[in-house]
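Everything below concerns the one structure shown next.
Protein chains in written order, with the numbering used here: chain A, 1 to 179; chain W, 1 to 173.
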């Protein structure tokens, strides 16, 4: 009996493991962020459109906000831009841009051509702030609550659907908890 | 099919001492344990003063650190950190932007006098345990570190059973 049952159980276990591990829906590049539940790293960088102005997330304390990491070299960001614009029009939360390892003139041109969904864009030309946030690609989008705690990270372009499914409920919950 | 192989095996084993199976099994197990032990040992640290020749040292375009001790540590640490863009490469091997940024970070922290542990902690805090190729043993990583030994135990038990069963088989047909 065991002679048959044990290998069979092992086989079933392998099938289950592979069904999860090799699922085409699973993105191996999606890594859990250790930043979730931790204070958002502070930054004070120059505004991408105006190097004399400082963009800092310290001024956003007490508000729920979104930090969107993008760059002009990032193809998926171009795709994301349209959705971000329509999300920004809903005026739910301020969307702060972090222009990651980019060139200023290219970034300005991009914003003029495609439109600007951001309430402010911080220019992280050398990627130092990105390291603090654990950024390893673009686009990446973080959600920060009223206490300045990172509560969610989304990797790959934010679409309308993702926004409604993942972001809006968390924003509502964060506001309720913060009020 | 299994019958045929077994029969042939038994024929070949004819005349040999049954004990040999057992001894062979023990030797194999001992070898396996020994090789595992060797694997589990940390990579030998290069002697700081007598590192590899300069050509092999120039990992990136920034050149090498003036202090050979720091340069040795720099190489060791960057080999230990995973490039998260190309996942199976270390930041020492990879040339993507992120790896360059992280190498710069390691370099600066070394020059600032930070310890290896502090640098690894810095990276783990931002990128998670996954950034390390050999995460430290903890409750969370117990499965990764323990799995080989569990597999060895299971394999050993299976071999033990098979060998014992075979040793009990009559040698004459």
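Beta carbons: idealized from backbone N, C-alpha and C, even for Gly.
Residue pairing of residue 98 of chain A in beta bridges, as defined by DSSP: A:69 and A:122.
For residue 135 of chain A, there is no enclosing alpha helix (DSSP H), as DSSP gives it neither H nor E.
Counting only the Cα atoms, residue 70 of chain A lies some 15 Å from residue 143 of chain A. Under the 7 Å criterion on CB atoms, residue 137 of chain W is classed as non-interfacial with respect to chain A.
In the structure shown, residue 35 of chain A adopts coil according to DSSP, grouped into three states.
By the neighbour-count definition (other C-beta atoms within 10 Å, threshold 16), residue 126 of chain W is a buried residue.
In this structure, residue 94 of chain A sits near residue 65 of chain A, with a CB-CB distance shorter than 7 Å.
In the three-state DSSP reduction, residue 156 of chain A falls in the coil class, being neither helix nor strand.
Taking 7 Å as the cut-off, the Cβ atoms of residue 79 of chain W and residue 92 of chain W count as close. Of the candidates A:140, A:98 and A:63, A:98 places its Cα closest to the Cα of residue 45 of chain A.
Under a 10 Å Cβ-count criterion, residue 81 of chain W is classified as buried, with 16 or more other Cβ atoms of the shown protein chains found around its own Cβ.
Annotated as proximal: residue 88 of chain A and residue 117 of chain A, with beta-carbon spacing under 7 Å. Taken through DSSP and simplified to helix, strand or coil, residue 13 of chain A comes out as helix.
Per DSSP, residue 86 of chain A has no beta-bridge partner at all.
Annotation: the continuous beta strand (DSSP E) that includes residue 46 of chain A extends over 44-46.
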